[in-house]
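Chemist:
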Amino acid sequence: MTDRELVAAAVSASEYAYSPYSGCRVGAALLTKSGKVFTGCNIENASYGATNCAERTALFKAVSEGETEFEKIAVFGKSKDGADIYFYPCGICRQALSEFCDENFTVITAKSPDDFVTDTLGNLLKNGFKL
Ligand code: THU
Numbered sequence: 145m146t147d148r149e150l151v152a153a154a155v156s157a158s159e160y161a162y163s164p165y166s167g168c169r170v171g172a173a174l175l176t177k178s179g180k181v182f183t184g185c186n187i188e189n190a191s192y193g194a195t196n197c198a199e200r201t202a203l204f205k206a207v208s209e210g211e212t213e214f215e216k217i218a219v220f221g222k223s224k225d226g227a228d229i230y231f232y233p234c235g236i237c238r239q240a241l242s243e244f245c246d247e248n249f250t251v252i253t254a255k256s257p258d259d260f261v262t263d264t265l266g267n268l269l270k271n272g273f274k275l
């Protein structure tokens, strides 16, 4: 699966965003080492605090179906005003990913299907909490 294909899956997943409060539409696509793709969108809540980001939706779907080894994730988001910005995983999502992924895990953030950048989880989360 190419980075471009994974980004396309994240863009499609963003269409399911439930975000009546922020208006941000975010999608994520997580590739397992076994070659499966799990997608997720952001799911907001009236309490705000119960909101789940797209990345964690994808991660929790995968883990709950027995997948715990991952290669890369693509994230695509649009703000309420439609501005093109890179939606990087928030701190909670970086920590959640670090439970299952090592520092070489690839994080792709996309502004559009053709405009994306890659980084590593190790670079995005220094000294993540581990037990
Ligand atoms: N959000 C994500 O789903 N992923 C990110 O990487 C950053 C933020 C969502 C959470 C909330 O629904 C909205 O974007 C605004 O923070």
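Heads up: the sequence shown begins at 145 in the numbering used here, then just goes up one per residue.
From the three backbone atoms N, C-alpha and C, an ideal C-beta is built for every residue, glycine too.
All figures in this text were calculated on a predicted structure; none of them were measured in a lab.
(1) Quick check: the stretch 210-219 against the stretch 168-178, are there 3 or more CB pairs under 8 Å?
(2) Can you tell me the Cα-Cα spacing of V207 and C237, whole angstroms?
(3) The beta strand (DSSP E) with T264 in it runs from where to where?
(4) Looking at the strands, I want to know which residues DSSP matches up with A172.
(5) Take S158 as the anchor and find which of G193, T201 and A194 has the nearest alpha-carbon.
(6) At a threshold of 7 Å, does Y232 count as lining ligand 1 (C-beta to nearest heavy atom)?
(7) Run through the DSSP bridge pairs and tell me what Y162 is partnered with.
Modeler: From the atom records:
(1) yes
(2) What you label residue 207 is simply residue 63 of the sequence shown in a count that begins at 1. What you label residue 237 is simply residue 93 of the sequence shown in a count that begins at 1. Their backbone Cα atoms lie some 14 Å apart in a straight line.
(3) Reading the sequence shown from its first residue, position 120 is the one you call residue 264. Looking at the DSSP string, the run of the beta strand (DSSP E) that includes T264 is D259 to T264.
(4) For the purposes of this step, residue 172 is taken as residue 28 along the sequence shown, with counting starting at 1. According to DSSP, A172 bridges with G184 and V219.
(5) Numbered from 1 along the sequence shown, position 14 holds the residue referred to as residue 158. With distances taken between Cα atoms, S158 lies closest to T201.
(6) Working through the sequence shown from its first residue, we reach residue 232 at position 88. True, at least one ligand heavy atom lies under 7 Å from that Cβ.
(7) Numbered from 1 along the sequence shown, position 18 holds the residue referred to as residue 162. DSSP lists I187 as partners of Y162.
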